[in-house]
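Before any comments, here is the structure.
Protein chains: 2
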Amino acid sequence: MASEVAEKERKILVAVDEGEESSYALSWCLSNIVNENSKDTLVLVYARPPRAVYSTLDGSGYLFSSDILASMEKYSHEVAECVLEKAHRICKDFNAIKVETKVEHGDPRDVICQVAEKLNVDLVVMGSHGYGLIKRAFLGSVSHHCAQNLKCPVLIVKKPKSNDGN
Amino acid sequence: MASEVAEKERKILVAVDEGEESSYALSWCLSNIVNENSKDTLVLVYARPPRAVYSTLDGSGYLFSSDILASMEKYSHEVAECVLEKAHRICKDFNAIKVETKVEHGDPRDVICQVAEKLNVDLVVMGSHGYGLIKRAFLGSVSHHCAQNLKCPVLIVKKPKSNDGN
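Have a look at this one:
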């Protein structure tokens with residue numbers, strides 16, 4: 001039975017963000033879940049802040065000038081690029097794994113759950129905080145929300161405090 | 001790097017109880033995490049109800065007669081045996097895996113966290129409810145507690161409602 005496992009095509013969603021914990025979760029998943037001979041596909045999901053946060057308040061007026069909006073959008077885009085580049089670098093060490101990326105605007109809780117459901121993934125992997133420090137402050141625990149709401153298995157990985165190198 | 005994975009000796013704690021969900025979590029773990037060539041050890045952990053629940057109220061008097069206590073103890077022991085026997089049967093389908101069992105009296109939240117810490121396990125696997133229907137009612141979510149308090153990665157597996165056979 002176990003030999004069949006390697007042949008199974010699984011879709012594993014890994015939630016990535018700016019934090020060290022999500023990088024650790026990704027590495028842990030690659031070391032412990034993904035098999036060299038498997039046909040697993042890793043779907044790296046990054047949730048960009050909802051546009052509404054820095055966009056129009058209503059249809060008539062702008063909260064920020066278009067310049068500020070454009071630079072905020074650019075910054076958010078660069079952060080997303082940076083996060084995904086880092087994640088790809090981590091995946092590179094583990095060859096023979098198919099990697100896809102998804103960047104969506106929105107609350108990470110919704111983004112992760114929606115993508116997981118849409119792609120019918122076999123597993124969702126995330127750091128215990130689920131999302132970066134700043135977002136966590138007003139979002140609460142993303143991992144708790146996902147563990148409660150997702151139908152598929154959820155792996156919550158905590159970065160060890162004592163050992164930064166691993 | 002991935003080829004090294006199979007050689008790594010990992011200790012994986014799987015929380016088992018009377019519920020179908022814990023059986024499903026165990027099967028999922030065996031199919032998706034454990035590698036045929038790995039030297040993984042599975043530690044099946046079952047938490048028996050704390051003795052205090054049906055034992056003395058204080059040092060001086062008994063709440064139940066010794067007959068009732070003995071039969072309750074016997075029943076609790078038989079349930080534990082039954083749960084572990086079922087878990088072992090599931091593991092049997094996946095040969096070449098080392099299986100250990102731990103039965104401890106206590107709140108499953110404490111039992112799981114204590115055993116995980118004591119044995120320094122690499123991963124804890126559990127159903128999303130973590131423990132049986134009756135206990136869940138007054139214990140709250142065991143999986144949530146464990147995800148918050150454990151230092152190691154926690155895999156929470158939900159049994160699909162639509163597909164009992166898988």
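Residue numbers (full-length UniProt numbering), protein chains in the order written: chain A, 1 to 166; chain B, 1 to 166. We treat Cβ as the ideally placed atom computed from N, Cα and C, and that holds for glycine.
Taking all protein chains shown into account, cysteine 82 (chain B) has fewer than 16 neighbouring C-beta atoms within 10 Å of its C-beta and is therefore exposed.
Contacts between valine 154 (chain A) and chain B, judged by CB atoms closer than 7 Å, involve Ile156 in chain order.
Under the DSSP assignment, lysine 102 (chain A) falls in the beta strand (DSSP E) whose first and last residues are 98-105.
Excluding its 5 nearest sequence neighbours in each direction, valine 111 (chain A) has C-beta neighbours in its own chain below 7 Å: Val45, Ala47 and Glu104, listed in chain order. Our two residues, cysteine 146 (chain B) and serine 128 (chain B), have alpha carbons roughly 11 Å apart in a direct line.
With contact defined as three or more Cβ pairs closer than 8 Å, the stretch 117-124 of chain A and the stretch 64-71 of chain A are not in contact. Residue-level contact check: proline 50 (chain A) does not touch chain B, since none of the beta carbons of chain B fall below 9 Å from its beta carbon. The count of Cβ pairs closer than 8 Å, one atom from the stretch 147-157 of chain B and one from the stretch 25-35 of chain B, reaches three, so the stretches are in contact. The beta carbons of histidine 88 (chain B) and valine 99 (chain B) sit closer together than 9 Å.
By the 16-neighbour rule on beta-carbons within 10 angstroms, proline 108 (chain B) is buried. Boundaries for arginine 10 (chain A): no alpha helix (DSSP H) harbours it, and the DSSP string shows neither H nor E there.
Valine 34 (chain B) and glutamate 20 (chain B) have their C-alpha atoms roughly 20 Å apart. Listed by position along chain B, the residues whose Cβ is nearer than 8 Å to that of alanine 147 (chain A) are Ser128, Ser143, His144, Ala147 and Ile156. Here the alpha carbon of histidine 144 (chain A) sits roughly 17 Å from the alpha carbon of glycine 106 (chain A). Beta-carbon to beta-carbon, valine 43 (chain B) and lysine 102 (chain B) are separated by about 6 Å, close enough to satisfy the 8 Å threshold. In the same chain as asparagine 149 (chain B), and ignoring 5 residues on each side of it, the C-beta atoms closer than 7 Å to its own belong to Cys113, in chain order. Taking the C-beta atoms as reference points, lysine 92 (chain B) is found no nearer than 9 Å to glutamate 117 (chain B). When Cβ-Cβ separations below 9 Å define contact, asparagine 120 (chain A) makes no contact with chain B.
Neighbours of proline 108 (chain B) across chain A, judged by C-beta separation under 8 Å, do not exist; the nearest C-beta is about 17 Å away. By the rule that beta-carbons nearer than 9 Å mark a contact, arginine 89 (chain B) does not touch chain A.
The beta carbon of lysine 39 (chain B) sits no closer than 9 Å to any beta carbon of chain A. Taking C-alpha positions only, glutamate 18 (chain B) is separated from glutamate 73 (chain A) by approximately 52 Å.
The beta-carbon separation of serine 76 (chain A) and proline 49 (chain A), rounded to 6 Å, stays under the 8 Å limit for a contact. Per DSSP, the unbroken alpha helix (DSSP H) holding isoleucine 90 (chain A) starts and ends at 66-92. Going by DSSP, valine 43 (chain A) is part of the beta strand (DSSP E) stretching over 41-48. Assignment of leucine 30 (chain A) by DSSP, reduced to helix, strand and coil, places it in the helix class. Taking a beta-carbon distance threshold of 9 Å, serine 22 (chain A) does not count as an interface residue toward chain B.
For lysine 151 (chain A), the residues of chain B that pass the 7 Å Cβ criterion are Lys158 and Pro160, in the order they occur in the chain. By a beta-carbon distance limit of 8 Å, valine 142 (chain B) does not contact leucine 84 (chain B). Their separation comes to about 18 Å. When DSSP states are grouped into helix, strand and coil, valine 115 (chain B) belongs to the helix group. In the DSSP assignment, glycine 127 (chain A) is bridged to A:Val157. Looking at the backbone, the Cα of glutamate 9 (chain A) and that of aspartate 40 (chain A) are separated by about 5 Å.
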